[in-house]
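Written below as structure tokens is the structure these notes are about.
Residue numbers (the working numbering): 10 to 161.
This is the structure:
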């Protein structure tokens, strides 16, 4: 299964860059992860709509879409691993996670998603949310392979 992460901008120069690169390196090549970047918009009054319009054009055709949102479904790490395994068992070829920018994701994007996932009710900076997502993907990979990385 190929995993896409749609996110607002590159991490280069951010304090999260090293963590993002570390998890991408740990995941690849066992899990193919490709990041798709949304070019930033300068006009704050139109930011959300323009970013969300761009997201729609960047989504891989036929992919299962998971939007990250504070009001989405919360899962434990083992449950997330089980969910990913179920998708794999259903022959899902492409999985696409969407991380919103400063204004979040539009209702259209959230409604179009197959699932809305939450990392808690707090609001996280999009770069930190990306680190959290990549870490959870890596943790799920380790749980499913029986590796002792995850502790109960």
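Beta carbons are placed, not taken as given, at the ideal position from N, Cα and C, and that holds for glycine.
If you draw a straight line from the alpha carbon of residue 104 to that of residue 16, how long is it in whole angstroms? For this step, residue 104 is matched to residue 95 along the chain shown. For this step, residue 16 is matched to residue 7 along the chain shown. If you take the alpha carbons of residue 104 and residue 16, they lie about 14 angstroms apart.
On the DSSP letters alone, give me the boundaries of the alpha helix (DSSP H) that residue 86 sits inside. Against the chain shown, residue 86 aligns to sequence position 77. From DSSP, the alpha helix (DSSP H) with residue 86 extends over 86-98.
Provide the residue span of the beta strand (DSSP E) that contains residue 103, from first to last. Within the chain shown, numbered from 1, the residue matching residue 103 stands at position 94. From DSSP, the beta strand (DSSP E) with residue 103 extends over 103-107.
Give the single residue among 77, 155 and 148 whose Cα lies nearest to the Cα of residue 132. Here the question's residue 132 lines up with position 123 in the chain shown. Residue 132 has its Cα closest to that of 77, out of 77, 155 and 148.
Can you check whether the CB of residue 139 is closer than 7 angstroms to the CB of residue 108? Position 99 of the chain shown, counted from the start, is the residue given in the question as residue 108. Position 130 of the chain shown, counted from the start, is the residue given in the question as residue 139. Yes, the Cβ-Cβ distance between residue 108 and residue 139 is below 7 angstroms.
Report yes or no: do three or more beta-carbon pairs, one from the segment 57-66 and one from the segment 91-104, lie closer than 8 angstroms? no
C-beta contact flag for residue 111 and residue 74 at 7 angstroms: Residue mapping note: residue 111 aligns to position 102 of the chain shown, counting from 1. Residue mapping note: residue 74 aligns to position 65 of the chain shown, counting from 1. For residue 111 and residue 74, no; Cβs fall outside 7 angstroms.
If you measure between the beta carbons of residue 142 and residue 106, is that distance less than 7 angstroms? What you label residue 142 is simply residue 133 of the chain shown in a count that begins at 1. What you label residue 106 is simply residue 97 of the chain shown in a count that begins at 1. Contact flag set, yes.
Quick check on DSSP: helix, strand or coil for residue 41? Sequence index remark: in the chain shown, residue 41 carries index 32 (1-based). Reduced to three states, the DSSP call for residue 41 is strand.
Alpha helix (DSSP H) containing residue 117: first to last residue? On the chain shown, residue 117 is found 108 positions in, with the first residue counted as 1. Residue 117 -> alpha helix (DSSP H) spans 116-121.
Only counting the same chain, and skipping five residues up and downstream in sequence, which positions put a Cβ closer than 7 angstroms to that of residue 101? Numbered from 1 along the chain shown, position 92 holds the residue referred to as residue 101. Excluding positions up to five away in sequence, the list reads 10 and 73.
Identified DSSP bridge partners for residue 76: Within the chain shown, residue 76 is the residue found at index 67, counting from 1. According to DSSP, which records beta bridges pairwise, residue 76 is partnered with 107 and 125.
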